[in-house]
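A.B. asks: The structure's right below; bear with me while I get my questions together.
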Ligand SMILES: [Zn+2]
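In structure tokens, the structure reads:
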């Protein structure tokens, strides 16, 4: 009896044989695959011959093929169609895989061979891509501490395990405060609230065991409450509670934890030979240095602050017109911004949705890829993990390019959000199969399935990631497609969103589901206005968090973190009517793990690039210019991580990105 995960796959395009796989197959297959990986890696480390690029770096590329074979269908199912057994496996596999990774990075014999090659890299006659592969391997080992010995090595292990405890506690403390606080609403307190919010508040009440609506500090409840509630007294109570998460004293207080995390990160960076944690984190990003990040953030900060200050004046006068003799406070902004939006830029989603039918919008995303890159999409039938998955064979000039799978509908077994993954990523190894690329979304299933404008942007966003995978043209799998720096990976996806809202595309594909009438110019214009409304506020609240994150990790506060936060905000002149999008005591991006620590900037970094990149098409007034599309493919979209991102961008644009297009796009230009 063989395990279908480890068998040869005789399915079309060698997609994982989901019809044969059972949950019980995963654990034994993963054990075998991990052993296989370790045995191959040991053999590379113990090779008696001197290290060469081929017998070490290239050899490492293929050791984990069996693991990919097991894990790609596992992650597909655990993310998009899970059950309690798969959830349990997920909990079992995470520490197993972490330990597996630690075994590899702790393999001293292997690291020595990589280091030898790195030290003689300029004499090896490597191609640009091979050099990137060597650099990735070398830095991967060094950054995990492979070069340390003795006390330093032991201390690093200690720091890592302490950090993982602290980060988990930080998250749990925020969750505890979010669970503990709620505000009960009487009928009088519902003034101004729309039905959907009252309904959600009633459901939250049931969850809390209260007979009636409540507001909790969950963003999905409290943000609309602050936006719609005309009860200024209640808005103040709610906003203060929201701000205080993680800073309420007692056993769930996060301030000392945040401080210790920052100090340990600094120590970790110093052990590894870096000046500070931001320098360590940014080394492998496109931004490269803290100064580059600071420059970008501060360049956007000033115009954003000016826009917010202009808006604050308008909102203040609305507050005064309501007979309130007080300055505009942080609990007032969302409410008066909503009043102003209704008066000046109202956009009724219900009026728009009938124009955005899912199949039409999928066709629009394919149509754009056809015009820009010559890709063709032909529906095919594949046995996948859920009957709602649709598949297409993607070709160009008759040659197979990829298999594309779209899994669009929300269901209980799918985690929330939207994402793109490759069940198999691209490589130019001889006889390699074409990539299999999956887009997963969470659109409410309906017949017809109608999308909001946000949904349409999400559809195009994930398809942009898919193009990055499908058009990838590199030799080594670990450098292909979306295997790029975090602050570069959102460029193809966010860039593709620009085509979704082109009037030309909307006129052709956004047709009323009942009458087939194309969407009107007026509606198109209102969609555009709605997208940039109140951008001064949202840019300021975001940037304040990004700047504090960067400063914390370049200049660790030795005193109380809240005092340090205030110092940073004072320095940049934070408007008093706006608070940080995430303040220190509940800034999970930064303190719940390493993911976005010294990395919260990357959202706007990517947005600067996508705006600047699309401006290249706008400048020549042709969003489908063939030469420019070709250039985009030859640089950003096909090279994966085989070339440094700043080099790729400069090849595409002739220069590094500037912020003008972003300011324009966000309506912040003066
Ligand atoms: Zn994305």
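Residue numbers (this note's numbering): 4 to 673.
Glycine included, C-beta positions come from ideal geometry on N, C-alpha and C.
Taking one C-beta from the region 135-155 and one from the region 97-110 each time, how about it: are there three or more such pairs within less than 8 angstroms?
C.D. replies: Counting Cβ pairs under 8 angstroms, three or more are found: they touch.
A.B. asks: Using the three-state DSSP reduction, which class does residue 347 fall into: helix, strand or coil?
C.D. replies: Reduced to three states, the DSSP call for residue 347 is helix.
A.B. asks: Would you kindly check if the distance between the Cβ of residue 425 and the Cβ of residue 440 is under 8 angstroms?
C.D. replies: Cβ distance < 8 angstroms, so residue 440 and residue 425 count as in contact.
A.B. asks: Distance, Cα to Cα, residue 26 vs residue 86?
C.D. replies: Distance between the alpha carbons of residue 26 and residue 86: 10 angstroms.
A.B. asks: With the cut-off set at 8 angstroms, would you say residue 361 and residue 452 are in Cβ contact?
C.D. replies: Result yes, Cβ atoms of residue 361 and residue 452 sit closer than 8 angstroms.
A.B. asks: Are residue 491 and residue 289 touching if we call contact CB-CB under 8 angstroms?
C.D. replies: Yes.
A.B. asks: I want to check one thing, is the minimum distance from the CB of residue 288 to the heavy atoms of ligand 1 below 7 angstroms?
C.D. replies: Not so, every heavy atom of ligand 1 lies at least 7 angstroms from the Cβ.
A.B. asks: Closer than 6 angstroms from C-beta to any heavy atom of ligand 1: which residues, in chain order?
C.D. replies: The answer, residue by residue, is 464, 468, 493 and 496.
A.B. asks: Would you tell me roughly how many angstroms separate the C-alpha atoms of residue 90 and residue 223, rounded to the nearest one?
C.D. replies: Near 25 angstroms, if we compare the C-alpha coordinates of residue 223 and residue 90.
A.B. asks: List the whole-angstrom C-beta distance separating residue 494 from residue 609, where the pair is believed to meet the contact cut-off of C-beta under 8 angstroms.
C.D. replies: So it is a contact: roughly 6 angstroms between Cβ atoms.
A.B. asks: Helix, strand or coil, according to DSSP, for residue 417 in the structure here?
C.D. replies: In this structure, residue 417 counts as coil in the three-state DSSP scheme.
A.B. asks: Going by C-alpha distance, which of 208, 578 and 386 is nearest residue 15?
C.D. replies: Selected option, being the one with the closest Cα: 386.
A.B. asks: Could you pull out every residue in the same chain whose Cβ sits closer than 6 angstroms to the Cβ of residue 677, ignoring the five residues on either side in sequence?
C.D. replies: Residue 677 cannot be examined here, being either before or after the span of the chain that is shown, 4 to 673.
A.B. asks: If I measure Cβ to Cβ from residue 21 and keep anything under 7 angstroms in the same chain, skipping five residues before and after, which residues do I get?
C.D. replies: Excluding sequence neighbours, residue 21 sits near 76, 386, 387 and 388.
A.B. asks: Are there three or more Cβ pairs, one per stretch, closer than 8 angstroms when the region 40-55 is compared with the region 342-355?
C.D. replies: No, the region 40-55 is not in contact with the region 342-355.
A.B. asks: Under three-state DSSP, which class holds residue 539?
C.D. replies: The answer is helix: DSSP assigns residue 539 an H, G or I state.
A.B. asks: Between the region 329-336 and the region 515-522, do three or more beta carbon pairs fall short of 8 angstroms?
C.D. replies: Result no; under three Cβ-Cβ pairs closer than 8 angstroms.
A.B. asks: Which residue comes first and which comes last in the beta strand (DSSP E) that contains residue 487?
C.D. replies: Note, residue 487: premise wrong, no beta strand (DSSP E); not H, not E.
A.B. asks: In terms of residue numbering, what span does the beta strand (DSSP E) encompassing residue 444 cover?
C.D. replies: That run of the beta strand (DSSP E) goes 439-446.
A.B. asks: Which first and last residues belong to the alpha helix (DSSP H) in which residue 531 is found?
C.D. replies: Unbroken alpha helix (DSSP H) run through residue 531: 524-534.
A.B. asks: Closest to residue 500 by C-alpha separation, out of 368, 355, 9 and 412, would be which residue?
C.D. replies: Closest option to residue 500, Cα to Cα, is 368.
A.B. asks: Does the Cβ of residue 650 have 16 or more other Cβ atoms within 10 Å, making it buried, or fewer, making it exposed?
C.D. replies: Exposed.
A.B. asks: Closest to residue 405 by CA distance: which of 473, 378 and 462 is it?
C.D. replies: The residue with the shortest Cα to Cα distance from residue 405 is 473.
A.B. asks: Could you give the distance in angstroms between the alpha-carbon of residue 198 and the alpha-carbon of residue 601?
C.D. replies: Going from the Cα of residue 198 to the Cα of residue 601 covers about 40 angstroms.
A.B. asks: From residue 496 to residue 616, what distance separates their C-alpha atoms?
C.D. replies: Using only the alpha carbons, I get a separation of about 12 angstroms.
A.B. asks: I'd like the span of the beta strand (DSSP E) that includes residue 386, first residue to last.
C.D. replies: Element bounds for residue 386: n/a, residue is neither H nor E.
A.B. asks: Using only CA atoms, which one of 298, 219, 244 and 215 lies nearest to residue 588?
C.D. replies: Comparing Cα positions, the closest option is 244.
A.B. asks: Identify the continuous beta strand (DSSP E) that holds residue 56 and give its terminal residues.
C.D. replies: Premise fails: residue 56 is in no beta strand (DSSP E) and is neither H nor E.
A.B. asks: Whose CA, out of 236, 123, 172 and 631, lies closest to the CA of residue 192?
C.D. replies: Answer by Cα proximity: 236.
A.B. asks: What are the partner residues of residue 73, as DSSP defines its beta bridges?
C.D. replies: The partner list for residue 73 (beta bridge, DSSP) is empty, contrary to what the question assumes.
A.B. asks: Which word fits residue 11, buried or exposed, when buried means at least 16 other C-beta atoms lie within 10 angstroms of its C-beta?
C.D. replies: By the 10 Å Cβ count, residue 11 comes out exposed.
A.B. asks: Using DSSP bridges, identify the partner residues of residue 405.
C.D. replies: Residue 405 pairs with 397.
A.B. asks: Taking a contact to mean a Cβ-Cβ separation below 8 angstroms, would you say residue 354 touches residue 231 in this structure?
C.D. replies: No, the pair does not count as a contact, with Cβ atoms beyond the cut-off.
A.B. asks: What residues in its chain sit with their C-beta under 8 angstroms from that of residue 50, if we drop five residues either side in the sequence?
C.D. replies: Counting only Cβ-Cβ distances below 8 angstroms, and skipping sequence neighbours, we find 58, 59 and 116.
A.B. asks: Tell me the rounded alpha-carbon separation between residue 380 and residue 398.
C.D. replies: About 7 angstroms.
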